[in-house]
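Enquirer: Let me give you the structure first, and then I'll get to my questions.
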Amino acid sequence: HDAGLKIGCGAHMSALRRIQAGPYKLADAVTLEDFERAANQNKSGSDAALLKILKCMESAVAHLPKVWASEDALEFLKNGADLYAPGVEFVNHPIYAGEAVAVLTVSGKLLALGELAASSAEIIEMPRGTAVRTRKIFI
Numbered sequence: 002h003d004a005g006l007k008i009g010c011g012a013h014m015s016a017l018r019r020i021q022a023g024p025y026k027l028a029d030a031v032t033l034e035d036f037e038r039a040a041n042q043n044k045s046g047s048d049a050a051l052l053k054i055l056k057c058m059e060s061a062v063a064h065l066p067k068v069w070a071s072e073d074a075l076e077f078l079k080n081g082a083d084l085y086a087p088g089v090e091f092v093n094h095p096i097y098a099g100e101a102v103a104v105l106t107v108s109g110k111l112l113a114l115g116e117l118a119a120s121s122a123e124i125i126e127m128p129r130g131t132a133v134r135t136r137k138i139f140i
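To convert, take the position in the sequence shown, counting from 1, and add 1; that gives my numbering.
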């Protein structure tokens, strides 16, 4: 309807089908029946079917620039703190201030989503200060 109003001819939508959400495509989708079957197999001691269906959290943020946090920063992040410059191990280049980033452990596990407080080049040189303003914590 809104699109039709913009071009002055009216419009009607009879169906809408999502074929992709982030990195996940329709071909990756699983029916509720398949998920239920895998969950029931898991209850009876076999997790192979469930592991085949489930995606790791990191796959959902594959498209985002990354910042890797040091082990020392983990306790602070668990309590909802921002990630400060001394707690940054690595940063993708280039990332600009204000961009959304995924914060990972050095081993690649998703810790948080946040917003870069300074550019990646600036963060590497910063002795202290906020590197990532955390928005969502996953640990």
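C-beta: ideal position from N, C-alpha, C; glycine also.
Quick one: give me the first and last residue of the beta strand (DSSP E) that L105 is part of.
Expert: In the sequence shown, counting from the first residue as 1, residue 105 sits at position 104. That run of the beta strand (DSSP E) goes A101 to L105.
Enquirer: Taking all protein chains shown into account, decide if T135 is buried (16 or more other Cβ within 10 angstroms of its Cβ) or exposed.
Expert: The count along the sequence shown starts at 1 and reaches residue 135 at position 134. Per the 10 Å Cβ criterion, buried.
Enquirer: How would you write the range of the beta strand (DSSP E) that G1 sits in, first residue to last?
Expert: Outside the modelled stretch of the chain, which goes from 2 to 140, sits residue 1, for which no answer is possible.
Enquirer: If I'm right that V89 touches A70 with Cβ under 8 Å, what's the distance once you round it to whole angstroms?
Expert: Residue mapping note: residue 89 aligns to position 88 of the sequence shown, counting from 1. Residue mapping note: residue 70 aligns to position 69 of the sequence shown, counting from 1. 7 Å between Cβ atoms; contact.
Enquirer: Is it true that the CB of A132 sits closer than 8 Å to the CB of I124?
Expert: On the sequence shown, residue 124 is found 123 positions in, with the first residue counted as 1. On the sequence shown, residue 132 is found 131 positions in, with the first residue counted as 1. Their beta carbons are under 8 Å apart, which means I124 touches A132 by this criterion.
Enquirer: Under 7 Å Cβ to Cβ from L111, same chain only, skipping five residues before and after it: list those, please.
Expert: Start at 1 with the first residue of the sequence shown, and residue 111 comes out as number 110. Here the set comprises M58, E59, V62, A103, L105 and F139.
Enquirer: Please tell me whether L84 and G115 are closer than 8 Å, where the distance is taken between their beta carbons.
Expert: The sequence position of residue 84 within the sequence shown is 83, counting from 1. The sequence position of residue 115 within the sequence shown is 114, counting from 1. Contact flag set, yes.
Enquirer: Return the chain-ordered list of same chain residues with a C-beta closer than 6 Å to the C-beta of A98, the five sequence neighbours on each side being excluded.
Expert: As a working mapping, residue 98 is identified with position 97 in the sequence shown. Answer for A98: L117, A119 and S120, listed in chain order.
Enquirer: Determine which residues share a DSSP beta bridge with T131 and list them.
Expert: Here residue 131 refers to the residue found at position 130 of the sequence shown. According to DSSP, T131 bridges with Y85.
Enquirer: Over the uninterrupted alpha helix (DSSP H) stretch that includes A122, give me the two end residues.
Expert: Locating residue 122 in the sequence shown gives position 121, counting from the first residue. Its alpha helix (DSSP H) spans residues S121 to E126.
Enquirer: Within 10 angstroms of its Cβ, does A113 collect 16 or more other Cβ (buried), or is it exposed?
Expert: By one-based count along the sequence shown, residue 113 stands at place 112. So A113 counts as buried.
Enquirer: Does V92 come out as helix, strand or coil in the three-state DSSP assignment?
Expert: Counting from 1 along the sequence shown, the entry for residue 92 is found at position 91. Strand, per DSSP.
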